[in-house]
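Heads up: the structure comes next, in structure tokens.
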Amino acid sequence: MLRRIAPALLTVLVVALGVAALAARPPRGVPQRTADFVVLAGVAGLRWEDVDPQSTPTLWRMAQDGSIGSLSVRSAHRPTCPVDGWLTLGAGSFAAWNGSRVADGCPPAGVAVEQPDGIGANLPDQESVVQYNQQRLSWGALPGSLSESVRCSVAVGPGAAVAAARPFGRVDRYASALPADPRALLGSCVLSIVDLGTVEGTDPASRAEQARAADAQLARVLAARPPRSLVLVAGISDTAAPSRLHVAVADGPGWERGWLTSASTGRDGYLQLVDLAPTALAALGRPMPERLFLGRPALSTGGRPTDLADAIDAPADADREASAQRSISGRFFTLLAIVQVLLALAILPLLRRARPHAGPTGPTPVSARIVAVVEVLLVAAALTVPAALLADAVPWWRGGHPGWMFAGVTALLVAAGTAAVRFAPGYAGTLGPVGAVAGLATLVVGLDVLTGASLQLNGVVGYSALQGGRYAGLSTVGLGVFLAGALLAGGWLAQRVHRGWRPAVMVAVGGLAVVVVGSPYLGADPVGAIALTAGVSVAAVISAGGWLTISRLAWATMAALAVGIGFAVVDLRRPAAERGSLGRFLSALGDGTGGFTVHRSSTENFETLVNSPLTVLALAGGLLVWFALLQPWGGLMRLFGIYPAVRAALAGTVVAAVLGGVLDGAALDVMGAAAALVVPMAALASLRVLGHAADRTRPVAGRSRADADDDSGSGGVGPAAGGNGPTGGGGPLGAVHPRPISGPPAGSPKADAPQAVAPPEAPVNRTADADDDAAGPTASGPAGPAEPTASGPADPAEPSAGGPADPVGPSASGSAPEAAPAVPVPPRQVTRSSTEVAAP
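Numbering (my numbering), first residue to last: 60 to 899.
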């Protein structure tokens with residue numbers, strides 16, 4: 060009964076863990092009205108490296124008293140040109156100016172601003188810009204949403220006019236420059252937007268001069284600011300490719316000496332350009348527009364260093380790291396893909412010649428030293444991505460040659476990790492390296508997530524704040540490595556226990572991984588948690604053996620759907636401004652704007668599939684598995700037969716990685732990161748299984764049929780107990796015979812019949828699955844073992860029709876018939892294919 064309801068119980072457990080992890084939310088401060096007036100001052104191109112007490116004394120004092128952060132200026136166009144940045148500010152969503160532009164460049168012409176009445180202004184191009192964003196771009200931004208949310212707004216300068224223009228092009232109050240006394244102008248409306256100029260170029264002296272001019276204009280704004288006002292200063296855009304992080308400062312009541320953050324970034328010290336519009340409305344106590352901004356209101360958090368120079372150095376250093384990451388990341392993954400493809404090609408001849416042949420002819424075995432070297436290289440390849448993640452603990456980007464610094468640190472960490480695996484206890488076992496590598500990878504990523512995911516932010520194998528996609532939690536690559544490591548470690552642990560406990564082990568390990576991935580406190584990836592739930596369910600239902608049947612696949616699908624639906628219900632019950640990505644998507648479907656999200660996701664999947672080096676890793680790994688490892692000479696099918704829990708872990712990894720990548724708009728990136736870890740380990744384990752293919756198993760004295768279902772392989776002649784296998788074992792990993800074949804089961808009708816039985820000390824070979832029942836008595840009686848021939852074990856003998864009959868019962872007269880003399884049966888050998896064994 061328990062066996063029948065086990066899938067349902069496991070499904071319920073996984074669902075409960077998943078929904079609990081996703082539903083919990085960290086406490087957030089609720090934005091309150093803090094000001095009667097808001098002044099948004101923008102400086103295109105302003106970065107933290109431009110801020111110092113000499114060139115920008117006003118901004119320095121403002122940063123000393125207020126809250127600061129790094130501003131990601133992502134828009135609907137990359138790079139974000141000044142006109143795109145101003146338009147995104149006014150839309151509260153990713154927007155872009157229409158018109159022709161060169162590749163990675165900005166529109167050549169300025170913005171036309173008309174002043175027909177001397178009070179306000181008109182933008183004649185605004186209507187076409189609105190249509191362009193609504194019909195041509197996938198974000199569905201509505202330029203002018205910010206100004207439409209207030210009764211009156213002021214714009215100073217052409218850039219500010221773009222941000223303050225309403226959807227039909229009208230600017231309520233406009234001045235091309237700050238008047239001699241801007242008090243009346245800035246106090247005429249609750250919202251004022253001021254264009255302070257541009258800081259561009261690469262020459263430090265030129266940039267300092269432009270920053271000084273912008274700082275002088277800012278001083279005039281601060282001198283004329285209305286009472287009880289919030290002033291936001293932002294480096295509103297880039298000025299040329301590539302993108303950089305920019306300045307964000309907030310000064311006003313409730314914004315004293317802290318870090319700027321928002322729910323859209325989830326990390327202290329980081330803000331998005333789309334957060335500025337909702338921040339202004341929240342500070343004024345105004346309701347958000349019906350079509351919600353993509354951004355979230357900013358908050359001020361504590362923990363900032365007391366010394367302003369130390370505080371400013373943090374966002375400036377983050378900008379340097381993000382810039383170095385952009386140039387190194389692509390080259391790293393391209394090199395990794397090339398190395399793993401070459402390693403896959405090099406392992407093919409080894410797989411062909413790895414299996415020993417008992418006959419006089421056959422391929423010459425590969426040198427044991429060569430095999431050992433290849434195994435070490437496979438371990439190093441599998442640990443490269445976790446080592447690259449850990450390399451960000453060293454500030455390699457601060458050196459003169461950051462690329463070489465990163466390569467050196469990563470190589471040292473790969474060497475250290477490989478040595479730790481090589482000299483770890485149990486390395487000689489078939490699954491020893493698999494468990495060690497999976498454990499190390501899971502430990503590295505898991506500890507980083509538990510400590511705030513600081514290694515993944517702006518890391519080479521993490522996410523970049525410049526891209527504006529993610530600022531906290533697990534990255535795409537981190538998700539692939541973590542789910543692969545967790546499931547593989549779970550399979551390795553499950554293989555070491557009784558088969559009845561294996562699903563529980565997989566659920567325990569996988570359930571913890573789901574919590575780490577999905578919890579907003581940790582991985583903050585609900586889509587990844589849903590995908591991992593499906594993978595864990597698949598792994599659990601086949602970990603004890605058997606195939607992935609339709610019913611088992613249905614349980615896994617139901618678990619993933621249940622987690623998704625449960626989280627969606629919880630998320631939709633929250634206020635609109637507090638919903639996560641899933642709740643917002645479902646809300647968009649309800650109001651008819653969900654097509655934008657679907658279009659963006661499909662576009663991102665296609666672009667990632669075509670441009671990402673991780674696609675090569677995923678495809679190369681799939682080709683190696685399908686055309687080599689899964690072939691009869693590849694060893695992976697034999698590995699699956701002997702270790703079903705490992706087979707379950709690999710199947711669950713494929714399911715989770717594919718779902719996680721496609722649903723998250725990452726195509727095969729998650730699968731590629733998982734393949735970088737899993738495929739080398741599968742190849743190594745296949746090599747070792749093939750090396751043990753001709754090993755012989757031995758019976759265990761005193762093992763009864765009651766132990767038949769416990770195929771964990773405890774005891775016997777494994778590596779710890781000695782043996783004659785290539786690694787010290789008598790079979791695969793020194794496997795033991797799961798149960799001796801010595802006759803019919805006790806208590807059977809023929810159990811008491813006179814039969815000739817084989818001596819108990821005679822060796823018995825069996826190569827069948829450990830889950831099969833022991834051979835029953837044949838018509839000719841049980842067969843004894845025969846000595847193996849030179850060519851290997853003999854085939855099992857067919858039952859004879861002419862064997863001795865069952866004992867004759869008493870006659871009608873009550874007298875027993877004369878017993879026939881026992882006929883000795885010559886011993887013969889019973890062989891079956893190899894049995895499942897436990898991991899060392």
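Glycine residues also receive a C-beta, built at the ideal position from the N, C-alpha and C atoms.
(message) Just verifying my parser: in three-state terms, what is the DSSP assignment at Gly101?
(response) In the sequence shown, the residue the question calls residue 101 occupies position 42. In the structure shown, Gly101 sits in a strand (DSSP, three-state: E or B).
(request) Determine the contact status of Ser208 and Pro348, defining contact as a CB-CB distance below 7 Å. (result) Walking along the sequence shown from the start, residue 208 turns up at place 149. Walking along the sequence shown from the start, residue 348 turns up at place 289. Yes, these two residues count as a Cβ contact at 7 Å.
(message) Cutting at 8 Å between CB atoms, please list the residues of its own chain near Glu173, excluding the five before and the five after it.
(response) What you label residue 173 is simply residue 114 of the sequence shown in a count that begins at 1. Once the five neighbours on either side are set aside, the close Cβ partners of Glu173 are Ala180, Asn181, Leu182 and Pro183.
(message) Please identify the residue among Ala512, Tyr233, Gly518 and Thr608 whose C-alpha is closest to the C-alpha of Pro579.
(response) Looking up residue 579 in the sequence shown gives position 520. The option with the nearest alpha carbon to Pro579 is Ala512.
(request) Determine, using beta carbons only, whether Ser359 and Ser126 come nearer to each other than 7 Å. (result) Numbered from 1 along the sequence shown, position 300 holds the residue referred to as residue 359. Numbered from 1 along the sequence shown, position 67 holds the residue referred to as residue 126. Yes. Within cutoff.
(request) Check each candidate in Val430, Ala383, Val473 and Thr501 and name the one with the smallest Cα separation from His460. (result) Walking along the sequence shown from the start, residue 460 turns up at place 401. When each option's Cα is compared against that of His460, the closest is Ala383.
(request) Tell whether a beta-carbon distance below 7 Å holds between Thr667 and Leu546. (result) Reading the sequence shown from its first residue, position 608 is the one you call residue 667. Reading the sequence shown from its first residue, position 487 is the one you call residue 546. For Thr667 and Leu546, no; Cβs fall outside 7 Å.
(message) Along the chain, where does the alpha helix (DSSP H) containing Ala282 start, and where does it finish?
(response) What you label residue 282 is simply residue 223 of the sequence shown in a count that begins at 1. Element bounds for Ala282: Pro263 to Ala282.
(message) What would DSSP say about Ala583, mapped onto helix, strand or coil?
(response) The residue given as residue 583 occupies position 524 in the sequence shown. Three-state DSSP puts Ala583 in coil, outside helix and strand.
(request) For Thr393, collect the residues of the same chain with a Cβ closer than 7 Å to its Cβ; drop the 5 residues on either side in sequence, then sort them by chain order. (result) Against the sequence shown, residue 393 aligns to sequence position 334. Pro672, listed in sequence order.
(message) Let's test the definition: count the other Cβ atoms within 10 Å of the Cβ of Asp366 and tell me whether it reaches 16, buried, or not, exposed.
(response) Within the sequence shown, the letter at position 307 stands for residue 366. It counts as exposed.
(request) Sort Leu255, Ser152, Ala615 and Thr608 by Cα distance to Ala236 and report the nearest one. (result) For the purposes of this step, residue 236 is taken as residue 177 along the sequence shown, with counting starting at 1. Nearest of Leu255, Ser152, Ala615 and Thr608 to Ala236, Cα basis: Leu255.
(request) Say whether the region 676-692 touches the region 543-558, bearing in mind that this needs 3 or more beta-carbon pairs closer than 8 Å, one atom from each stretch. (result) no
(request) Would you give the residue range spanned by the beta strand (DSSP E) that Ser212 belongs to? (result) Reading the sequence shown from its first residue, position 153 is the one you call residue 212. It spans Ser212 to Val215 - the beta strand (DSSP E) in which Ser212 sits, taken as one unbroken run.
(request) Please confirm whether Leu319 and Val97 have their CB atoms less than 7 Å apart. (result) To locate residue 319, count along the sequence shown from 1; it is residue 260. To locate residue 97, count along the sequence shown from 1; it is residue 38. No, the pair does not count as a contact, with Cβ atoms beyond the cut-off.
(request) Rank Ser206, Ala135, Val142 and Met121 by C-alpha distance to the C-alpha of Ala278 and give the top, closest one. (result) As a first step, residue 278 is located in the sequence shown; it is residue number 219 there, counting from the start. Looking at the Cα atoms, Met121 is the closest of the given residues.
(request) Using three-state DSSP, classify Val473 as helix, strand or coil. (result) Mapped onto the sequence shown, residue 473 falls at position 414. Residue state, collapsed to three classes: helix.
(request) Quick one: grab the DSSP three-state call for Val249. (result) Taking the first residue of the sequence shown as position 1, residue 249 is located at position 190. Val249: coil per DSSP, three-state reduction.
(message) So the candidates are Ser197, Leu538 and Gln190; which of them puts its Cα closest to the Cα of Phe153?
(response) Your numbering for residue 153 matches position 94 in the sequence shown. Phe153 has its Cα closest to that of Ser197, out of Ser197, Leu538 and Gln190.
(message) Measuring alpha carbon to alpha carbon, tell me which residue in Ala452, Arg195, Ala470 and Pro202 is nearest Arg659.
(response) By one-based count along the sequence shown, residue 659 stands at place 600. Considering only alpha carbons, the answer is Arg195.
(request) Leaving aside the five residues before and after Val425 along the sequence, list all residues of the same chain whose C-beta is less than 6 Å from its C-beta, in chain order. (result) Working through the sequence shown from its first residue, we reach residue 425 at position 366. Leu409 and Arg412, listed in sequence order.
(request) Compute the distance between the beta-carbons of Val737 and Ala543, then report whether it is under 7 Å. (result) Residue numbering aside, residue 737 sits at position 678 when the sequence shown is read from its first letter. Residue numbering aside, residue 543 sits at position 484 when the sequence shown is read from its first letter. In contact: Val737 and Ala543 (Cβ atoms closer than 7 Å).
(request) In angstroms with no decimal places, state the Cα-to-Cα distance between Asp507 and Ser523. (result) If you number the sequence shown from 1, residue 507 lands on position 448. If you number the sequence shown from 1, residue 523 lands on position 464. Roughly 16 Å separates the two Cα atoms.
(request) Can you tell me which of Arg133, Arg284, Val253 and Ala270 puts its alpha carbon nearest to the alpha carbon of Leu105? (result) To locate residue 105, count along the sequence shown from 1; it is residue 46. Ranking the options by Cα distance to Leu105, first place goes to Ala270.
(request) State buried or exposed for Gly806, treating a residue as buried only when at least 16 other CB atoms are found within 10 Å of its CB. (result) The sequence position of residue 806 within the sequence shown is 747, counting from 1. Model confidence at Gly806 stands at a pLDDT of 43, short of 50, so the residue's coordinates are unreliable; what they give is reported in the following sentence. Classification for Gly806: exposed.
(request) Would you mind reading off the limits of the beta strand (DSSP E) that contains Ala309? (result) Stepping through the sequence shown from its first residue, residue 309 is reached at position 250. Ala309 -> beta strand (DSSP E) spans His305 to Asp310.
(request) Mark Gly782 as exposed unless 16 or more other C-beta atoms lie within 10 angstroms of its C-beta, in which case mark it buried. (result) What you label residue 782 is simply residue 723 of the sequence shown in a count that begins at 1. In this predicted model, Gly782 has a pLDDT of only 36, less than 50, meaning its place in the structure is not dependable enough to derive any value.
(request) Going by DSSP, name the residue or residues bridged to Ala234. (result) Numbered from 1 along the sequence shown, position 175 holds the residue referred to as residue 234. Per DSSP, Val215.
(message) For Ser247 and Gly594, what's the separation of their Cα atoms in angstroms?
(response) Position 188 of the sequence shown, counted from the start, is the residue given in the question as residue 247. Position 535 of the sequence shown, counted from the start, is the residue given in the question as residue 594. Cα-Cα distance, rounded: 59 Å.
(message) Quick check: the Cα distance between Ala677 and Leu351, rounded to an integer number of angstroms?
(response) Indexing the sequence shown from 1 puts residue 677 at position 618. Indexing the sequence shown from 1 puts residue 351 at position 292. Taking the straight line from one Cα to the other gives about 37 Å.
(message) Applying the 10 Å Cβ sphere with the 16-neighbour rule, what's the burial state of Phe665?
(response) If you number the sequence shown from 1, residue 665 lands on position 606. Classification of Phe665: exposed, given that the 10 Å Cβ count is below 16.
(message) Under 8 Å, with one C-beta from each stretch per pair, do the region 128-145 and the region 201-220 reach the 3-pair mark?
(response) yes
(request) Whole angstroms is fine: what's the gap from Leu516's alpha carbon to Ser323's? (result) If you number the sequence shown from 1, residue 516 lands on position 457. If you number the sequence shown from 1, residue 323 lands on position 264. C-alpha separation (whole angstroms): 15 Å.
(request) Please say whether Pro374 and Arg355 have beta carbons closer to each other than 7 Å? (result) In the sequence shown, counting from the first residue as 1, residue 355 sits at position 296. In the sequence shown, counting from the first residue as 1, residue 374 sits at position 315. For Arg355 and Pro374, no; Cβs fall outside 7 Å.
(request) Return the bridge partner residues of Gln331 from the DSSP annotation. (result) Here residue 331 is taken as the residue at index 272 of the sequence shown, counted from 1. Ser131.
(request) Identify every run of the beta strand (DSSP E) within the region 343-382, keeping only runs that are complete inside it and at least 3 residues long; order them along the chain. (result) 357-360
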